[in-house]
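Chains as they are written, first to last, in the UniProt record's numbering: chain D, 1 to 168; chain L, 1 to 790; chain G, 1 to 255. Before any comments, here is the structure.
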Amino acid sequence: MIQLIELTVNGERHDLVVEPRRTLVDVLRHDLGLTGTHVGCEHGVCGACTVLVDGAPVRACLVFAVQCEKTDIRTVESLADADGTLSDLQQSFADHHGLQCGFCTPGMLMLAEGFLAEEPDATKEEIRDVVAANLCRCTGYQTIVEAVDACARRRRAARQEVLGRSAS
Amino acid sequence: MTREPHLHRDGTWVGASVPRREDPRLLTGRGRFVDDIRLPGMLHAAFVRSTEAHARIASVDLSAVREVPGVVAAFSAADLGLHDIVALLDRPLHEFVPTAMPVLAKDKVRFVGEPIAIVVARDPYAAEDGREAAVVEYEPLPPITSDSAALAEGAALVHEEAPRNTLVDVSLFATEGIDEVFAAAHTVVEVRARTGRQNALPLETRGAVAEWDDRDEQLRVHTCTQVPHQVRTVLAASAGLDEKEVRVIVPDMGGGFGLKCVVGREEIATAAAALRLRKPVKWIEDRSEALTASFLAREQRYTVRAAFDADGRIQALDADVVCDMGAYSCYPFTAGIEPLMASAEMPGVYKVPAYRVRGRAVTTNKAPTAPYRGVSRPQYVMVMERVMEKAARALGIDPVELRRRNVITEFPYRGVNDVTYDPGSYKESLDLCEQVLRDEGWFDRRGSDPAIGIGFACFSERTGYGSGAFAQRKMAVVPGFDVSEIRMDLDGTVSVTTGTLSHGQSHETTMAQIVADRLGIPYDKVKIVQGDTDRVLYGWGSFASRSITIGGSAAAASAEKLGERLRVIAAHLMDVDVESTELDGAGGVRAGDRRLSFTEIAEVAYLRSHLLPKDVEPGLSATASFDVGGDGTFSNATHAAVVRLDPGTGGVEILRYVCVEDCGVAINPKVVEGQARGGIAQGIAGALFEEVRYDDAGQPLAASFMEYKVPTAAEIPDVRIEHLETPCAFTANGAKGAGEGGTIGAPAAVLNAVNDALRHTGVELDDTPIPREAIFRALERAAEPALEAR
Amino acid sequence: MKPASFEFHRARSRAGAVELLTELADGDPKIIAGGQSLVAMMNFRLARPGHLVDITGIDDMTGIEVDGDRLRIGALTTHRTVEKAGLGVLSAAMRWVGHLPIRTRGTVGGSIAHADATAEWCMLAVLLDARIRVLGPAGSREIAAGEFFHGPFWTALEPDELIVEIVFPWPLPPAALTEYADRKGDFALVAAAVDLDRERTVLGGVGPVPLLVDSLDAEEIAAGLDVRDEPGVSAHYRRGLARTLVRRAVAEASP
């Protein structure tokens, strides 16, 4: 009862032999060693395991790895530059004290990354609504919402600048 | 007195919201939590757990388990032969009954979820397959599922040695003449309150990876605990090893909040299995286990009377506190943790002249309890703040004004509870909190909208319990001091150990700030070493808001000692008196216009030690310890919540939350604010959302996040925080503890706000979590006459 | 919380899925699409199918199409797709479905098959007289939503049948769905959906299946509910919530 599967994670192709019952999060963490994605509840409520599948935030505990062939999976390990320079979203979390123990953080980052890509013009209230998808036990959420909102604003400003430049 | 939080004051690191040293690895997924550890040949454990709340174990048959594909071994209590975990108080038998917690249940199970056997398999999936094959035969006993059932005449005994299922029963203080005070009082108010059983709920569950290392001749255990040295002691004693044969290492931790500051059974069993199999074994608690079979907290019942004079001044307080501690006494704190805290501290910020309290811990067939952030203070503060509100209503005095008349204003204040309160800003925080709400217009909005209520909570919190304070509680093992070793290397950078242990509180940053100031070097040149029993001399870990107050003071002391040593060497090399030297704040020692850098001094200390003064040993290290001699230091705060009730559903919306806090000198204001906000969220959770209920058979009713309702960003409001600063006189930095206060104030503020919004209904609610149905019914009944009038 | 073993199969077509279900009939097969309810139940080992037939690779079961007086929603269409499609009450109701990642992955057909009595799709299907089109070994058939739901996790679907699409009458009437739960994203304690044209209401959380009542009168509907006291929720409170939610749904649906 094992299966050969091909997974593309953070742009890299992997051939794996797994039991079909292994969840995506277990395969990412334990078969591929990508331990940045965390496990918090294994029933789809806490969101600590959130990754992007084809760009959309997904609970990796509610998907079997065998279901994810031919998809593009992205984890928290893909956000920073190769030299360790934080992405704008990660830097925003640091600037706003948007993490304490850091356990929910990768899930929050991937949730926000997926959401902002889909809704770059999201309001702070819409961001709060989406952050409500994941649990954090340390921060009281306020600084997470602020971090995501600040990142969204900066991205919008940068976009405006590019548009402004190309118009002139 | 308020402080701009982002300023870097006086050129010091302390007081500046510098970036966290922890962030880069945690943000990039490169932290290392216990489940991230993977050792060659590692096996995975799962536990066979009791399905009965209270039963004799007739038999445990693991033969079928061992046949399951992938299973490597399965052990019951009889197979492992481990010694029990016993936590003691230094009290007579009529005040405290010692009970044992076996690592795996032996003759009897006392709660649903109690570990009976450990299954070890090649992966966690197979381990779960294996545990399903276990056959346990039970002879059921009557389940005890509430404090009242536990105390009932003729109740079945959870522990045969504890009559009336009572593990702790203390009567304290009993001011002479207190009954006469009540008899003669102008007004007596009474509060009967019950608070729900909660789970501290670190997002990372418990877990351990253990392996025997032949080269080190050590059992090496990576586990997410707040108290590594205590785990070492219990593990060594339980498994019959020397302490030197056990090394406990704590990796990054995804929160603890007290749940991880006691020694659990599963990590001991996991280590024992690794020892037996001579192979690495990992156990990661799953969420279902974390909700039902780890350590819970906070289920308490209060019956409190308070006497007031006509001016609203409290004259006496008489309290009875019963805490449902579940099936076992936790190590090292015992089942006394909650009742003793409540009994000792209940008068709080108020000038209570007469006090009497009875505090009890009863044992029931529920998962056992551990300290949880705030330990009893969220509960007794809530009760005291209900007392104040009820007295205000009875006497027709504004509730804030009534508090103003009662809070301690002169320090040091010797309380009726034999505790000396060091200076705080009790009245100032109350005034400022009220002012903020007034300025923001909330009192006006309350005036025009009857569904809006405002609630206050005024409290202080003893932080930095030294050995003296814990000895007063009569613990048999007495936590308190911290010891720090510091070492400067050749390049002038520093490593410093702390016996405390950050699990989200940013100590790698804040402790470094403290040490950096003492030596005059950048904070990123200071490395904090923590959470490793081989690298840290000794430690009591992190709990009770002790880390910065005690651990920070020890680190500061070791840094100062190192600074003196640097001056002694520099004086010798520059041929001047030590007294004429000083650290120059820029990584060197100066004497007049001459200067030696730390690097130059370190080169002598390590590479040219023949140049050292005769009585100075080579190398650059120092050790110092710190303890709090007196009664500790009190942080304080006033919280206010503004809520709006929905008459159609009984729903509660928190419109505004204000926190005016004083934790003395804030080492890193952003970190302090984070602690406050996170604590407030947990307090709101207790007031409105979270409870672990059991049915009459003792089956837990919250086995998933569908039933245990942790609030999300949609429920937790933004919090406005104002800082006051009353420095502590005896911690090295003037800091007071900041870890728990948020959690302490929030239940009271929210409950009072809800009651304020029910002011037109005649209904008062005193239990938490507040049932929405009770709100709905109160508002519905109040609306009925209005309907009829129409 | 690791699922029990199963074998995994990927269906490439509707017919292929039905074939697999037929072939594996003795081995307790189960369809998986988004898996947002099923996998959680499997992790708790509350569900332990012997075979999973993954239908997400079937390319002609996704999408929304107006076809004369019918609105056809492919069973594999996600909640999120519907939310963003501007389909009146259907889109508006999606805000009540879990959270974004659940809506992104969870499917309309999966929700209908799961048959939770408070699930938005089950309520909407009953309210609007949707028809559930299913494919089995003997071919395809349509089942009226009113006859589809038998109880929690129990429907008129045969074990070898596959839900292909949900067909709603078009255009949609003025309608709304609203819910109450203590916490955002939770299953509703009580939920109400109303159709102003046909003056009917569907309630969730008051019985094993969505309850259809031919009335918009909140007082009358609440009074007529057959509910009992349960731990933590009295019948009185449930009626009260129903009354409030019907009123609010009517207000939301009214132009």
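Beta carbons are placed, not taken as given, at the ideal position from N, Cα and C, and that holds for glycine. Predicted model, so just to flag it, every value in this text is computed and none were measured.
Any Cβ of chain L closer than 8 Å to the Cβ of D/Gln142 would place that residue at the interface, and such an atom is present. By the Cβ test, the region 250 to 268 of chain L is in contact with the region 224 to 237 of chain L, since at least three Cβ pairs between them sit closer than 8 Å. In this structure, G/Tyr180 lies near G/Val190, with their beta-carbon atoms less than 8 Å apart.
By the neighbour-count definition (other C-beta atoms within 10 Å, threshold 16), L/His610 is an exposed residue.
Counting C-beta pairs closer than 8 Å gives three or more between the region 352 to 364 of chain L and the region 167 to 182 of chain L, which meets the contact rule.
DSSP places G/Trp121 in no beta strand (DSSP E) but in the uninterrupted alpha helix (DSSP H) bounded by Glu120 to Leu127. Chain L has a Cβ within less than 8 Å of the Cβ of G/Ser234.
One finds Tyr180, Gly240, Leu241, Arg243, Thr244, Leu245, Arg247 and Arg248 in chain G with Cβ atoms closer than 9 Å to the Cβ of L/Gly648, taken in chain order.
Taking 8 Å as the upper bound for CB-CB distance, D/Val51 and D/Ala65 are not in contact here, some 11 Å apart. The continuous alpha helix (DSSP H) containing D/Cys151 extends over residues Gln142 to Ala167. Within the region 113 to 131 of chain G, not one residue has a Cβ closer than 7 Å to any Cβ of chain D. DSSP, reduced to helix, strand and coil, places G/Gly74 within a strand of the structure shown. Contact of G/Phe44 with chain L is assigned, a C-beta pair being separated by under 8 Å. As computed with DSSP, L/Lys282 is found in a beta bridge with L/His44 and L/Val209. Rounded to whole angstroms, the separation of the alpha carbons of L/Leu39 and D/His14 is 22 Å. Contact between L/Ser625 and L/Val483 holds, since their C-beta atoms are separated by about 4 Å, short of 8 Å.
As for any alpha helix (DSSP H) of minimum length 4 sitting wholly inside the region 206 to 284 of chain L, the runs are 228 to 239 and 265 to 277, ordered along the chain. Residue state for D/Cys49 is assigned as coil, using DSSP reduced to three classes. In the same chain as L/Ile37, and ignoring 5 residues on each side of it, the C-beta atoms closer than 8 Å to its own belong to Val209, His222, Pro251 and Lys282, in chain order. Spatial neighbours of D/Phe103 in its own chain (CB-CB distance under 6 Å, excluding positions within 5 residues in sequence) are listed in chain order as His38. Judged by their CB atoms, L/Ala457 and L/Phe308 are not nearer to each other than the 8 Å cut-off. Spatial neighbours of D/Ala150 in its own chain (CB-CB distance under 8 Å, excluding positions within 5 residues in sequence) are listed in chain order as Ser92, Asp95 and His96. Here L/Leu26 carries a helix assignment [DSSP, helix/strand/coil]. With a cutoff of 8 Å on beta-carbon distance, L/Arg518 and L/Glu564 are scored as not near each other. The beta carbon of D/Leu86 sits closer than 8 Å to some beta carbon of chain L. Minimum Cα-Cα distance from L/Thr497 among the listed residues L/Lys474, L/Lys525 and L/Gly551 corresponds to L/Gly551.
Contact with chain L is absent for D/Leu62, since none of that chain's Cβ atoms lies less than 8 Å from the residue's Cβ. About 17 Å separates the CB atoms of L/Ile397 and L/Val352; that is not less than 8 Å, and the two are not in contact. When C-beta atoms of the region 385 to 404 of chain L are compared with those of the region 368 to 377 of chain L, fewer than three pairs fall below 8 Å, so the two segments do not count as touching. The bridge partners DSSP lists for L/Lys108 are L/Arg56.
L/Trp212 is classed as buried because its beta carbon has at least 16 other beta carbons within 10 Å across all chains shown. In terms of CA proximity to L/Val71, L/Met42 leads the group L/Val671, L/Met42, L/Arg373 and L/Gln218. Out of G/Asp116, G/Phe187, G/Val134 and G/Pro29, the CA that lies nearest to the CA of G/Gly50 is found in G/Pro29.
Rounded to the nearest whole angstrom, the CA to CA distance from L/Glu389 to L/Gly745 is 15 Å. Taking 9 Å as the Cβ-Cβ cut-off, the region 39 to 65 of chain G approaches chain D at Val39, Ala40, Met41, Met42, Asn43, Phe44, Leu52, Asp54, Thr56 and Gly57, given in chain order. Here D/Ala56 carries a strand assignment [DSSP, helix/strand/coil].
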